[in-house]
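Chains A and B supply the protein sequences, listed in that same order.
Take the first sequence: its letter number 136 is residue 136 in our numbering, and every next letter is one higher.
Take the second sequence: its letter number 115 is residue 115 in our numbering, and every next letter is one higher.
In what follows, a single structure is set out as structure tokens and then discussed.
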Amino acid sequence: MATSPRATQQKFEPWTDPDAKSYVRIEKVTKKFGDFIAVDDVSLHIYKKEIFCLLGASGCGKTTLLRMLAGFERPTSGKIFIDDVDMTAIPPYERPVNMMFQSYAIFPHMTVEQNVAFGLKQEGLAKTEIEGRVNDMLQLVKLGQFAKRKPHQLSGGQRQRVALARSLVKKPKLLLLDEPLAALDKKLREHTQFELINIQETLGVTFIVVTHDQEEAMTLSTRIGLMNHGEIVQVGTPSEMYEYPNSRFVSEFIGSVNTFEGKLIEDEPSYVRIECADLEAPIFVNHGVSSAPGATIWAAIRPEKITVSREKPADADNWASAVVRDIAYMGDMSIYLLKLDSGKIVRVTQPNVYRHADDRVTWDERVYLHWHSSSPVVVTK
Amino acid sequence: MKRWLTRWTPSGRSLVTSVPYLWLLLFFLVPFVIVLKISFSASQIAMPPYQPLFHWASEKVLQIQLNLGNFAFLVEDNLYIRAYLNSIFVAAVSTLLCLLIGYPIAYSMARSSPSTRNILLLLVTLPFFTSFLLRVYAWIGILKNNGLLNNTLISLGVIDQPIQMLQTDFAVYVGIVYSYLPFMILPLYANLEKMDLTLLEAAADLGCKPWQGFLKITLPLSKHGVIAGCLLVFIPAVGEFVIPSLLGDPGMLMIGKVLWTEFFNNRDWPVASAVAIALLMFLVIPIMYLDRAQNAEPAEGARK
């Protein structure tokens with residue numbers, strides 16, 4: 001997982017403050033297209049200066065939700081408030097909101113400069129003010145020397161920045177970004193992620209980003225709202241989403257995970273033991289779990305939280321034996337695919353701490369897996 | 001032998017591209033050169049009815065006789081100038097009318113659902129299933145004094161006396177606009193149909209009301225369609241002969257009619273050819289200029 005550039009900045013968590021007022025309020029919004037429910041009873045509170053990511057697979061309703069915020073679609077029911085003003089019936093051209101389109105939608109018959117100035121001219125501002133603001137914005141996105149170019153003379157990354165400049169120059173209360181980095185190649189995408197965050201911090205605009213790329217969501221966002229079939233499944237910070245998923249869907253969508261199906265055999269307030277058909281030893285979790293007795297539950301363990309060794313662990317719990325089926329050397333780490341006796345494949349990642357690796361486990365070796373009792377996440381759905 | 005064959009047998013590609021060139025050469029360039037040649041000769045009562053350009057003055061002297069009199073004649077007699085100007089005026093007004101009527105039609109076609117779009121497209125091309133001449137004749141039946149239109153208006157009580165519509169400029173405009181409207185609609189439709197609609201959403205997002213979005217985005221982006229449609233209507237309308245002679249005032253001066261009179265009634269092929277060459281020049285020069293302006297910037301606004 002890429003390190004979040006937010007790690008360096010001071011704590012920004014308005015959602016934990018009960019007195020903080022939300023800036024964008026989505027209340028019980030539903031959108032139907034005929035019989036198809038694209039967005040299903042979604043309520044969200046988004047705070048000022050957040051970068052909120054709507055994450056989900058294609059067709060999950062995230063883009064429809066974004067288009068309702070922009071005003072291109074009307075909710076079938078429910079209300080949308082921005083800065084306490086009811087936006088539900090206001091057309092896009094009267095909203096204090098701007099959108100950056102996935103296709104960028106740059107006007108091909110205008111130069112870079114004219115594209116960026118378009119929204120300001122529409123407001124009827126004075127010519128000198130328009131020029132000043134357009135120049136400042138082009139400097140900010142590093143397109144100063146391309147001002148007179150036509151869009152077809154620009155590269156993909158430059159076009160992306162024109163689209164960003166055009167939507168930001170109007171100083172919107174809220175900027176909506178539809179897959180802002182999807183059309184860029186990997187290197188440029190990583191670079192642009194950081195640039196986007198810098199720009200957002202410089203201008204203090206609230207961002208709502210739609211993306212299908214969980215890594216992008218993790219890097220960019222203050223909080224993520226994961227969507228599935230038109231519903232919000234979980235809202236949380238990137239680390240909450242990764243370490244405390246509330247369902248199998250969330251744990252499997254964000255990062256990779258090994259999920260073991262089982263039943264509680266000991267259910268105490270301070271610990272639980274789970275028996276899994278795939279494992280020889282039970283899973284011991286060092287905190288209580290709320291679940292109906294006898295119900296099927298799942299323990300999800302992240303690949304980096306499992307260790308591999310040749311010796312059998314001394315503990316009675318939290319281990320399994322397996323055979324190495326595949327090793328992928330990634331440089332900074334290696335991915336091991338290990339086959340349990342039940343046939344289930346477990347994915348483990350180990351950092352390559354030492355350069356010399358003569359004693360690393362190798363193909364077809366029998367090994368033991370072990371994890372700490374705080375590592376498994378128990379989910380009931 | 002084999003090497004010789006491969007060297008002289010044209011490759012498949014050049015064979016295919018040579019077909020349209022050959023076609024243009026045979027049926028466009030050669031006739032044009034012949035007309036150009038005739039325009040520089042003088043008329044005579046013979047077969048063919050013009051003097052040859054080249055003749056042997058003596059055994060070793062080839063005389064080329066270029067008669068510029070035909071072109072001078074076009075300038076001297078203001079009949080021709082008036083006919084040219086009138087034709088251009090009629091064609092320009094008709095083109096403008098076609099654009100004003102055709103744009104909304106093409107626009108609504110391009111924005112309708114794909115299934116309706118195909119039906120509408122069929123309806124626009126439907127007139128081509130009947131002969132052009134028949135359709136112009138049908139307008140005589142509609143516009144004449146006891147025709148469909150006058151009778152309907154009288155029976156509705158709008159007018160007491162039939163209005164003289166046939167053999168007026170009005171009838172000519174009706175005929176030209178009706179006949180050439182599809183040539184305006186089709187290129188406009190093709191252009192508007194491939195426009196990226198998210199551009200209009202972007203414009204709305206940046207504060208454009210729908211009509212402003214149309215003026216600032218749709219209209220400029222359809223420029224190439226407008227130019228193509230206007231050329232397709234304007235060029236044939238300038239030289240139009242059938243519509244003014246069937247529907248128009250017999251005294252109406254149109255260059256197509258002048259050409260016809262020179263050629264068939266006066267049998268003055270050189271002057272007729274000069275009229276044709278001058279007309280071509282009138283049309284080709286502005287078109288070449290437009291074409292260059294258009295090539296200066298590549299096609300825009302197409303959906304990716």
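Every residue, glycine too, gets a C-beta built ideally from N, C-alpha and C.
The shortest CA-to-CA distance from F183(B) to any of I287(B), L253(B), Y103(B) and V61(B) is the one to Y103(B). Using a Cβ-Cβ cut-off of 8 Å, T218(B) does not count as an interface residue toward chain A, since no Cβ of chain A sits closer than that to its own. Excluding five sequence positions before and after P187(B), the CB atoms of its chain that fall closer than 6 Å to its own CB belong to G225, A228 and G229, given in chain order. Beta-bridge annotation (DSSP): S309(A) is paired with Y368(A).
Identification of residues in the segment 316 to 346 of chain A having a C-beta nearer than 7 Å to some C-beta of chain B yields an empty set.
By the criterion of at least three beta-carbon pairs nearer than 8 Å, the segment 327 to 343 of chain A is not in contact with the segment 14 to 28 of chain B. For chain B, the residues of the segment 102 to 121 of chain A that bring a beta carbon within less than 7 Å of one of its beta carbons are S103, A105, F107, P108, H109, F118 and G119, in chain order.
With distances taken between CA atoms, L65(A) lies nearest to K32(A) out of M218(A), K32(A) and K49(A).
Counting only residues of its own chain and dropping the five nearest sequence neighbours on each side, W298(A) has a CB closer than 6 Å to the CB of R248, T259, E261 and V379.
Comparing alpha-carbon positions, the option among G256(B), M47(B) and D291(B) lying closest to L279(B) turns out to be G256(B). The beta carbon of K194(B) does not come within 8 Å of any beta carbon belonging to chain A, so the residue lies off that interface.
Shown here for I345(A): same chain residues with a beta carbon closer than 6 Å to its own, the five before and five after excluded, namely L337 and K339 in chain order.
Within chain A, the residues A70, P92, N98 and M99 have their CB atoms less than 7 Å from the CB of D205(B), given in chain order.
Residue contact check for K170(A) against chain B: a CB pair falls below 8 Å. Judged by pairs of C-beta atoms under 8 Å, the segment 230 to 249 of chain B does not touch the segment 154 to 163 of chain A, as fewer than three such pairs exist. Nearest C-alpha to E190(A) among V42(A), A217(A) and L175(A): A217(A). With a cutoff of 8 Å on beta-carbon distance, L203(A) and L168(A) are scored as near each other.
Taking C-beta separations shorter than 7 Å and ignoring five residues to either side along the sequence, the partners of F101(A) in its chain run A163 and D178, following chain order. K170(A) is classed as buried because its beta carbon has at least 16 other beta carbons within 10 Å across all chains shown. Against E76(B), chain A offers no close residue; the least beta-carbon distance is about 47 Å (beta-carbon pairs closer than 8 Å). Assigned with DSSP and collapsed to three states, Q164(B) falls in coil, not helix or strand.
For the segment 121 to 146 of chain A, the residues whose beta carbon sits under 8 Å from a beta carbon of chain B are, in order, Q122 and E123. According to DSSP, F81(A) shares a beta bridge with R25(A) and D86(A).
According to the DSSP assignment, M333(A) belongs to the beta strand (DSSP E) that extends over M333 to L340. If you draw a 10 Å sphere on the C-beta of T95(B), you find 16 or more other C-beta atoms in it, and that means buried. Taking a beta-carbon distance threshold of 8 Å, K209(B) counts as an interface residue toward chain A.
Taken in chain order, the complete alpha helix (DSSP H) segments of 4 residues or longer contained in the segment 49 to 133 of chain A are 62 to 70 and 112 to 123. Residue contact with chain A for A110(B): absent (no Cβ-Cβ distance below 8 Å to any residue of chain A). Residue pairing from DSSP places G225(A) in a beta bridge opposite L54(A) and V235(A). Of W260(B), E76(B), E262(B) and N67(B), the smallest CA-CA separation from F54(B) is found for N67(B).
The contact set of L199(B) on chain A, defined by CB atoms closer than 7 Å, consists of A105 and F107 in chain order.
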